[in-house]
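A.B. asks:
Residue numbers (my numbering), protein chains in the order written: chain A, 1 to 313; chain V, 314 to 626; chain H, 627 to 939.
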């Protein structure tokens, strides 16, 4: 493996089962360290080997192989290619339950499982190893990538894409962006409805999760590794960046946005067009950009309006 | 019906033809009352029965059955399920006019009608009872849901979805969102062009209407029951919330938004990124969020800029 | 041709090969003049004929036929219809290289060429005369219009649409919008990745170009005749209006926007939600709307916040 990603490996070249984060990697897994934020995870990792800058090798637990490089994130990206899904095409028959209606123009990867009483309409694609529950309705021309799991009583409207690659790249010294192959998956729990032309990306490593009973409107962007709680409402054209979390019964208004790696507490409401740049306490309503409590945002607009009108006098 | 939606009905259980608003319901229809805004409609309704809070039963005209509940909107949502479209899949042949070119990979629901000289390209889906006019061009992988009506000389670009369910839910006391099945439809008048990856939702009850000669750019969101006049221009990534109306020759700039239940007069222009939160008089240009007359918005930005720069001195 | 677009032509009715801009038109081409911005191009054009207001006919080089009208842009729009692509449908076999995997439900226009080791998944449509390079991966339900050229090692995710018509209309005196048929094309260079539900429009005349190594996230809008340099990052839900240019390694943050006919220098960064209304110098970070240097925008927000809070005391 070291050869394929252009590295010399001190300590031998074990065979590797998967790439995982420092926290999740086990004794057969490769991991990587590229930010001091994760220094505690480094010291505690159970990984077989870690790609990292040589300055940090001393922090590794005993027995973990150091794969040293001055651009660990780029080498990690190159390593993900070794674990990328290999797309076959062709005609496969899914394993379907009772009472389903499957349109003849739907297409399936290998080893797809579909529960009872589910309707799969024209032009739908469902990728390798995906699992769809009971009583689902998948409208025409939906694309569901490999390994996606969808619960019971879910509805997905036309044009939506579940499980496409998250937007992950490591930029090398020349400014080239190296793809971080997205090895994770998507889990859609029961009773979720997804509007038309929605994009829900698979996890980079690990899962993107849409909680039970959550309803997503049209043209919404859900990036990789987002975790959305139960019964959330995500209104049209809202977008969330990677790894953010929504508590239960959170509302994201139309055309709102949430930056990456944030957490919004239960029952948070973000008003239409609000742009969230910080972790937010639940149970309150926020608006504006950068988003603040909605009353404050309204006062800010009123102050600016008054200053402007006074100026005219 | 009462049993299916978990209600006890005072006054008997008539058979019901449809669910309609208080205003539109006739003697065979069910209706519902969930907001005092509609109290005049309640007093004048011709519905067979109305789902409502018992406190308002006294306002009903004589002979109208009261279906009493403390959560009328949730019960209404449950009732819509009884009228939801039942999706069949399979291979149907549409009724096509002369001179059409229909790609062999297009799919059709039952009872689809297509006019003369229309081109239906690969992977297009057209649902039950939909009607497409003459001289239309439907590009690949467009999804047109059941009962949609499209006029003559319309163009729809790839990935667009016409007639998917509007975003309508009634939230019960536990925080669960109950689907309001979207029983309405979409009407696209003559000479309309729709860009790629556009989402136009069907009406909840009644129609979403796109007026003659209107041109819609890519990635636009048109929610349920919107009515757009003639010759409007809706630029890329704009979005409109439910039940709003645009007068003729209105322009919505790129990435603009219009909140629900508003009305924009003829020849209104909303600048790019404008966010409309109030009904607007026609013939003027608005910008900013919340949108105001564009000159005022520009002055507001200039005032804020000057205050900021003065501060630095 | 003059008859078809409802004009009388002084100077005869030559047969015309194409419609081009004043600058690019040669002795067999038709051109048009509708804005004084292009007066220098008018005086230097090599076109066979030019549609223009009669007041400007004197500026034409000798031998160029003047097609005089009081609404030149509308007449130009009508003329583009004569050169519009004619869509055939049906079953075509592409010319494919070695080692490809083509799903049986993919559809092809005539004369499509596909390189080696490329994967074309279910429900993909590739239009007439399109060319796809080696080692590409085109995910399910992607629509690639006629004449699009895609380089090597490109990835396109589901639901994306490449080469749909740009949003171009000429409005006549009655307020009707006349379609400017989009006669240009799209060029995607090597190593480009395009997320899901992205819309990239073909050029009106000439090409829309996505530079080598550029990575585009989900739900992004790229209008006609945009030219994007190498190694740019365009994050989810960003949008660019027509004819703008991005230098190399430019970043457009999530939900950002760039107005039309602008130029952003190499290594420009537009923060999430930034709205660019002016040409920007490269190597800097901008934010807010209208976008200014990010530090200034942050100070503006801080000033407004302080004014608002002081007011409450």
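The beta-carbon is built from N, C-alpha and C at its ideal position, and this holds for glycine as well.
These numbers come from a predicted model, not from an experiment.
Do residue 695 of chain H and residue 633 of chain H count as a contact pair if the criterion is CB distance below 8 Å?
C.D. replies: For the purposes of this step, residue 633 of chain H is taken as residue 7 along the third chain, with counting starting at 1. For the purposes of this step, residue 695 of chain H is taken as residue 69 along the third chain, with counting starting at 1. Yes, the pair counts as a contact, with Cβ atoms nearer than the cut-off.
A.B. asks: Going along the region 401 to 417 of chain V in order, which residues come within less than 8 Å of chain H, judged by CB to CB distance?
C.D. replies: Listed in sequence order: 414, 415, 416, 417.
A.B. asks: Do you know offhand how far residue 691 of chain H's Cα is from residue 740 of chain H's?
C.D. replies: The residue labelled residue 691 of chain H in the question sits at position 65 within the third chain. The residue labelled residue 740 of chain H in the question sits at position 114 within the third chain. So the alpha carbons of these two residues sit roughly 42 Å apart.
A.B. asks: Taking C-beta pairs closer than 8 Å, name the residues in chain V that residue 236 of chain A reaches, listed in chain order.
C.D. replies: Numbered from 1 along the first chain, position 236 holds the residue referred to as residue 236 of chain A. Per Cβ cutoff of 8 Å: 480, 512, 534, 536, 552, 554.
A.B. asks: Give me the subset of the region 562 to 576 of chain V whose CB atoms are less than 9 Å from a CB atom of chain H, sorted by chain position.
C.D. replies: Those residues of the region 562 to 576 of chain V that come within reach of chain H (Cβ to Cβ, closer than 9 Å) are 562, 567, 568.
A.B. asks: For residue 287 of chain A, report the span of its beta strand (DSSP E) as first-last.
C.D. replies: Stepping through the first chain from its first residue, residue 287 of chain A is reached at position 287. 285 to 287 is the extent of the beta strand (DSSP E) around residue 287 of chain A.
A.B. asks: So what does DSSP say about residue 199 of chain A, is it helix, strand or coil?
C.D. replies: The residue you call residue 199 of chain A lines up with position 199 of the first chain. DSSP places residue 199 of chain A in strand when its eight states are reduced to three.
A.B. asks: Which residues in the same chain as residue 221 of chain A place their Cβ atom closer than 6 Å to its Cβ, once the five residues preceding and following it in sequence are excluded?
C.D. replies: In the first chain, the residue the question calls residue 221 of chain A occupies position 221. The answer, listed in chain order, is 199, 239.
A.B. asks: Give me the Cβ distance between residue 232 of chain A and residue 211 of chain A, rounded to the nearest whole Å; I'm assuming they're in contact under 8 Å.
C.D. replies: The count along the first chain starts at 1 and reaches residue 232 of chain A at position 232. The count along the first chain starts at 1 and reaches residue 211 of chain A at position 211. So it is a contact: roughly 7 Å between Cβ atoms.
A.B. asks: Using beta-carbon positions only, say whether residue 141 of chain A and residue 749 of chain H come within less than 8 Å of one another.
C.D. replies: Reading the first chain from its first residue, position 141 is the one you call residue 141 of chain A. Reading the third chain from its first residue, position 123 is the one you call residue 749 of chain H. A contact, by the Cβ cut-off of 8 Å.
A.B. asks: How many angstroms separate the CA atom of residue 434 of chain V from the CA atom of residue 485 of chain V?
C.D. replies: Within the second chain, the letter at position 121 stands for residue 434 of chain V. Within the second chain, the letter at position 172 stands for residue 485 of chain V. Computed Cα separation, rounded: 43 Å.
A.B. asks: Assess contact between the region 147 to 155 of chain A and the region 127 to 137 of chain A, defined as three or more Cβ pairs (one per stretch) separated by less than 8 Å. Is contact present?
C.D. replies: They touch, by the three-pair rule.
A.B. asks: How about residue 279 of chain A: is its C-beta nearer than 8 Å to some C-beta of chain V?
C.D. replies: Taking the first chain and counting its residues from 1, one reaches residue 279 of chain A at position 279. Cβ-Cβ to chain V under 8 Å: no for residue 279 of chain A.
A.B. asks: Measure the alpha-carbon distance for residue 101 of chain A versus residue 399 of chain V and round it to whole angstroms.
C.D. replies: Taking the first chain and counting its residues from 1, one reaches residue 101 of chain A at position 101. Taking the second chain and counting its residues from 1, one reaches residue 399 of chain V at position 86. One C-alpha to the other measures close to 11 Å.
A.B. asks: Show which residues of chain V have a CB atom less than 8 Å away from the CB atom of residue 158 of chain A.
C.D. replies: Looking up residue 158 of chain A in the first chain gives position 158. 438, 456, 458, 474, 477, listed in chain order.
A.B. asks: So is residue 383 of chain A buried or exposed if we call it buried at 16+ other beta carbons inside 10 Å?
C.D. replies: Residue numbering for chain A in the displayed model covers 1 to 313; residue 383 of chain A lies beyond these limits and cannot be assessed.
A.B. asks: Suppose the cutoff is 6 Å on Cβ atoms and the five residues either side in sequence are ignored; what does the same chain contact list for residue 365 of chain V look like?
C.D. replies: As a position in the second chain, residue 365 of chain V is number 52, starting the count at 1. Excluding sequence neighbours, residue 365 of chain V sits near 346, 385.
A.B. asks: Check the C-beta distance from residue 223 of chain A over to residue 166 of chain A and give it rounded, since I have them as a contact under 8 Å.
C.D. replies: The count along the first chain starts at 1 and reaches residue 223 of chain A at position 223. The count along the first chain starts at 1 and reaches residue 166 of chain A at position 166. Their Cβ separation, rounded to whole angstroms, is 6 Å, which keeps residue 223 of chain A and residue 166 of chain A in contact under 8 Å.
A.B. asks: Select from H/828, H/653, H/641, H/742 the residue whose C-alpha is nearest the C-alpha of residue 851 of chain H.
C.D. replies: Within the third chain, the letter at position 225 stands for residue 851 of chain H. Checked all of H/828, H/653, H/641, H/742; the closest Cα to residue 851 of chain H is H/828.
A.B. asks: With the cut-off set at 8 Å, would you say residue 530 of chain V and residue 549 of chain V are in Cβ contact?
C.D. replies: Stepping through the second chain from its first residue, residue 530 of chain V is reached at position 217. Stepping through the second chain from its first residue, residue 549 of chain V is reached at position 236. Result yes, Cβ atoms of residue 530 of chain V and residue 549 of chain V sit closer than 8 Å.
A.B. asks: For residue 929 of chain H, does the three-state DSSP call read helix, strand or coil?
C.D. replies: As a position in the third chain, residue 929 of chain H is number 303, starting the count at 1. Residue 929 of chain H: helix per DSSP, three-state reduction.
A.B. asks: So what does residue 414 of chain V bridge to, in DSSP terms?
C.D. replies: Translated into positions along the second chain, residue 414 of chain V becomes position 101. Its beta-bridge partners are V/432.
A.B. asks: Taking CB distances under 8 Å as the criterion, tell me whether residue 140 of chain A reaches chain V.
C.D. replies: Numbered from its first residue, the first chain carries residue 140 of chain A at position 140. Yes, residue 140 of chain A lies at the interface with chain V (some Cβ there is under 8 Å from its Cβ).
A.B. asks: What is the C-beta distance between residue 407 of chain V and residue 425 of chain V, in whole angstroms, given that I count them as a contact (C-beta under 8 Å)?
C.D. replies: Counted from its first residue, the second chain places residue 407 of chain V at position 94. Counted from its first residue, the second chain places residue 425 of chain V at position 112. About 4 Å; that satisfies the 8 Å criterion.
A.B. asks: With a cut-off of 8 Å, does the C-beta of residue 378 of chain V fall near any C-beta of chain H?
C.D. replies: Mapped onto the second chain, residue 378 of chain V falls at position 65. Chain H, which has no Cβ nearer than 8 Å to the Cβ of residue 378 of chain V, makes this no.
A.B. asks: Look up residue 869 of chain H in the DSSP assignment and say whether it is helix, strand or coil.
C.D. replies: Walking along the third chain from the start, residue 869 of chain H turns up at place 243. Coil, per DSSP.
A.B. asks: Applying the criterion that 16 or more other CB atoms from any shown protein chain within 10 Å of the CB defines a buried residue, is residue 657 of chain H buried or exposed?
C.D. replies: Within the third chain, the letter at position 31 stands for residue 657 of chain H. Per the 10 Å Cβ criterion, buried.
A.B. asks: Does the beta-carbon of residue 815 of chain H have 16 or more other beta-carbons within 10 angstroms, so that it is buried, or is it exposed?
C.D. replies: The residue given as residue 815 of chain H occupies position 189 in the third chain. Counting Cβ neighbours within 10 Å, residue 815 of chain H comes out buried, since at least 16 surround it.
A.B. asks: I believe residue 296 of chain A touches residue 930 of chain H by the beta-carbon criterion, under 8 Å. Please report the beta-carbon distance rounded to the nearest angstrom.
C.D. replies: The count along the first chain starts at 1 and reaches residue 296 of chain A at position 296. The count along the third chain starts at 1 and reaches residue 930 of chain H at position 304. At roughly 11 Å, the Cβ-Cβ gap does not stay under 8 Å, so residue 296 of chain A and residue 930 of chain H are not in contact.
A.B. asks: Given a threshold of 16 other Cβ atoms within 10 Å of its Cβ, counted over all protein chains shown, does residue 302 of chain A qualify as buried or as exposed?
C.D. replies: In the first chain, counting from the first residue as 1, residue 302 of chain A sits at position 302. So residue 302 of chain A counts as exposed.
A.B. asks: Please report the straight-line C-alpha distance between residue 880 of chain H and residue 208 of chain A, rounded to a whole angstrom.
C.D. replies: Looking up residue 880 of chain H in the third chain gives position 254. Looking up residue 208 of chain A in the first chain gives position 208. Residue 880 of chain H and residue 208 of chain A: Cα-Cα distance of roughly 19 Å.
A.B. asks: Assuming residue 170 of chain A and residue 183 of chain A are in contact, meaning their beta carbons sit under 8 Å apart, how far apart are those beta carbons, in whole angstroms?
C.D. replies: Counting from one through the first chain, the residue named residue 170 of chain A turns up at place 170. Counting from one through the first chain, the residue named residue 183 of chain A turns up at place 183. That pair is no contact at about 14 Å.
A.B. asks: Which residues in the same chain have their Cβ closer than 6 Å to the Cβ of residue 263 of chain A, if we skip the five residues on either side of it in sequence?
C.D. replies: Mapped onto the first chain, residue 263 of chain A falls at position 263. Closer than 6 Å at the Cβ level, and outside the excluded window around residue 263 of chain A, lie 245, 279.
A.B. asks: Give me the Cβ distance between residue 886 of chain H and residue 908 of chain H, rounded to the nearest whole Å; I'm assuming they're in contact under 8 Å.
C.D. replies: The sequence position of residue 886 of chain H within the third chain is 260, counting from 1. The sequence position of residue 908 of chain H within the third chain is 282, counting from 1. Going by Cβ atoms, the distance from residue 886 of chain H to residue 908 of chain H rounds to 19 Å, so no, they are not a contact pair.
A.B. asks: Please find out if some non-hydrogen atom of the ligand PLP comes closer than 7 Å to the beta-carbon of residue 38 of chain A.
C.D. replies: Looking at this structure, you won't find the ligand PLP or any other ligand, since it has none at all.
A.B. asks: For chain V, is any of its Cβ atoms less than 8 Å away from the one on residue 803 of chain H?
C.D. replies: On the third chain, residue 803 of chain H is found 177 positions in, with the first residue counted as 1. It does: the Cβ of residue 803 of chain H has a partner Cβ on chain V nearer than 8 Å.
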